[in-house]
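So for the sequence shown, the numbering used here puts the first residue at 23; every next one is plus one.
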Amino acid sequence: SSIEALDFLDLSFNLIKTIEPNIFKVHNLHMDNNKIENLENFTFGFKDMDYFYMGKNCLNQFPFKQIENLKSISKEFDLSNNLLNSLENKFNRVVLVLSISFRYNKIEIIDEDFFNQLRFLIFLDLSLNNLTQLSQNTF
Numbered sequence: 023s024s025i026e027a028l029d030f031l032d033l034s035f036n037l038i039k040t041i042e043p044n045i046f047k048v049h050n051l052h053m054d055n056n057k058i059e060n061l062e063n064f065t066f067g068f069k070d071m072d073y074f075y076m077g078k079n080c081l082n083q084f085p086f087k088q089i090e091n092l093k094s095i096s097k098e099f100d101l102s103n104n105l106l107n108s109l110e111n112k113f114n115r116v117v118l119v120l121s122i123s124f125r126y127n128k129i130e131i132i133d134e135d136f137f138n139q140l141r142f143l144i145f146l147d148l149s150l151n152n153l154t155q156l157s158q159n160t161f
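Shown next, in the form of structure tokens:
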């Protein structure tokens, strides 16, 4: 890419289905309201991402390990209105995210250690999912 340091990129309300690995070097990425099904090979182009909006897509899983690569605090991750059914990945180090929305997915299972490394998290939305129980150590 010829653009070295794009701050804001909005690709919302398109028909995007796939994303090439390491395609975006941007601090604020808005890709909500697309048809994205898989982010398996997605990597963050920068080591700092302020806003990441991937709501209203068709994701049934998310590569949470990629968030570990961020070096500065991210303000907001929006994964709402997708098809996520579990939060089971474990992070190996502290993840620098302040706000995450998992609103309106199909989440049934949250691994009790999932949020352990999200120590800076101040806002979490898990509303409108399929949760039936939470373990004592979930939060």
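For each residue, glycine too, the CB sits at the ideal point set by N, CA and C.
Once you ignore the five residues that flank S34 on each side, which residues in its own chain have a CB closer than 6 Å to its CB?
The residues are H52, D54, N55.
Looking at the structure shown, is F86 part of a helix, part of a strand, or coil, going by DSSP?
Three-state result, F86: helix.
Can you check which of these residues, H49, L31, D147, is closest to K93 by C-alpha distance?
Nearest of H49, L31, D147 to K93, Cα basis: H49.
Do you know offhand how far E42's Cα is from Q155's?
If you take the alpha carbons of E42 and Q155, they lie about 37 Å apart.
Exposed or buried, L118, counting other C-beta atoms within 10 Å across all chains shown (16 or more means buried)?
When all chains shown are included, L118 counts as buried.
Tell whether a beta-carbon distance below 8 Å holds between I129 and L101.
No, they are not a contact pair.
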